[in-house]
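Q: This structure is in structure tokens; I'll ask about it shortly.
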Amino acid sequence: MYVKFVEQMALRSHTLWSVGIGFKALVRVITIYNQSGGVMKTSLTMNLGYQLALHGRAVLLIDMDPQASLTVFMGLEPADLGQTIADSILDNAPLAMHQNVHRMDLLPSNITLSAVEMRLISAMAREWRLKRILEPIQDQYDFILIDAPPSLGVLSVLSLVASTHVLIPIQTQYKSYKGTELLLDSVKQVQEQVNPDLQIAGIVPTIYASANAQDKAILAAIQEQLAAIATIYPPVPRATAFADASMEHLPLALYSPNHSAVKVLESIATGVEALP
Ligand SMILES: Nc1ncnc2c1ncn2[C@@H]1O[C@H](COP(=O)(O)OP(=O)(O)OP(=O)(O)O)[C@@H](O)[C@H]1O
Ligand SMILES: [Mg+2]
Numbered sequence: 003m004y005v006k007f008v009e010q011m012a013l014r015s016h017t018l019w020s021v022g023i024g025f026k027a028l029v030r031v032i033t034i035y036n037q038s039g040g041v042m043k044t045s046l047t048m049n050l051g052y053q054l055a056l057h058g059r060a061v062l063l064i065d066m067d068p069q070a071s072l073t074v075f076m077g078l079e080p081a082d083l084g085q086t087i088a089d090s091i092l093d094n095a096p097l098a099m100h101q102n103v104h105r106m107d108l109l110p111s112n113i114t115l116s117a118v119e120m121r122l123i124s125a126m127a128r129e130w131r132l133k134r135i136l137e138p139i140q141d142q143y144d145f146i147l148i149d150a151p152p153s154l155g156v157l158s159v160l161s162l163v164a165s166t167h168v169l170i171p172i173q174t175q176y177k178s179y180k181g182t183e184l185l186l187d188s189v190k191q192v193q194e195q196v197n198p199d200l201q202i203a204g205i206v207p208t209i210y211a212s213a214n215a216q217d218k219a220i221l222a223a224i225q226e227q228l229a230a231i232a233t234i235y236p237p238v239p240r241a242t243a244f245a246d247a248s249m250e251h252l253p254l255a256l257y258s259p260n261h262s263a264v265k266v267l268e269s270i271a272t273g274v275e276a277l278p
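Using the working numbering, the first residue of the sequence shown is number 3, and each one after it goes up by one.
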């Protein structure tokens, strides 16, 4: 009787094993974060997401910036959206999911997201709002990438609390590099106070012009000073093709498949796939 039971359990676990149930890697929720403006957060979110989708990963992008650049880059018109991520955060509305936009799903935003800052000031457990609304759907994805706004405010905190990882783009310019201490300090505060599991997925030097002395010096500084804190990915070159691709509402790999920057995006995607 007992032997039969053991045999049955073995058979069942073999079946589970062979169809892969229960062995799917846990979802990585990654906020692309830097309080500095224009350092390639949004372009990196969209392009990294696309490379991961090309690898067959199930990817969800979330626009947590009221500027809605990601929503625009992905080809949606923010002002025309009836429902956005703001409605879910503020009023528990069903998620305004746009499926299969360049192989990825998208939760868009628009300017109504700026009301979150005001309306959540006194709300209970406000830091957990995004995490809670993602819980029912997150197992459907391998990667959820959150495009944070250029600020250290509530929207960034909501994003970091909902995340397993934070990926930090730093433009290879003094202005952006100078803000790193403040940036890392805000990550540390979130780790200490709300989300102790938050890990730094790495630092991506961005908009790198190799012919420019300042870019070279800042890239060297990033590689020397920050390697102890996190993986430093290869620099994403400065290339007008990124702006051109987003104007056409396309990831770079679709707009210009042979562009040299696609290889860099690809290596970042491979690194992100290897995250614990
Ligand atoms: N590698 C690059 N080379 C040149 N231009 C780039 C590169 N990456 C992004 N850009 C352009 O720089 C501008 C800012 O990029 P992006 O919107 O991705 O930055 P951001 O950090 O999200 O900005 P914000 O802080 O406003 O949200 C855009 O016009 C974009 O097309
Ligand atoms: Mg942006």
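In this text, a Cβ means the ideal position worked out from N, Cα and C, and glycines have one as well.
What you are looking at is a predicted structure, and each value in this text was computed from that prediction instead of being measured.
#1: Since residue 100 contacts residue 277 with CB under 8 Å, what's their CB separation in whole angstroms?
#2: Specify, as a first and last residue, the run of the beta strand (DSSP E) that residue 62 falls within.
#3: Pull up the distance between the alpha-carbon of residue 245 and that of residue 42, whole angstroms please.
#4: Contact defined as beta carbons within less than 8 Å: I believe residue 182 pairs with residue 237. What is the distance between those atoms, to the nearest angstrom?
#5: Are there any heavy atoms of ligand 2 lying less than 8 Å away from the beta-carbon of residue 69, as far as the coordinates show?
#6: For the alpha helix (DSSP H) that contains residue 242, what are its first and last residues?
#7: Mind reading off the beta-carbon distance from residue 33 to residue 150? Whole number of angstroms is fine, and I expect it under 8 Å.
#8: Using 10 angstroms around the beta-carbon of residue 93, count the other beta-carbons present and answer buried if the total reaches 16, otherwise exposed.
#9: Express the C-alpha separation of residue 124 and residue 242 in angstroms, rounding to a whole number.
#10: Do you know offhand how far residue 208's Cα is from residue 218's?
#11: Can you tell me which of 29, 47, 31, 28 puts its alpha carbon nearest to the alpha carbon of residue 252?
A: Let me lay it out:
#1: That pair is no contact at about 26 Å.
#2: 61–65
#3: 10 Å
#4: Incorrect: roughly 15 Å between the Cβ atoms, too far for contact.
#5: yes
#6: 242–249
#7: 5 Å
#8: Exposed, by the Cβ-count rule.
#9: 43 Å
#10: 12 Å
#11: 47
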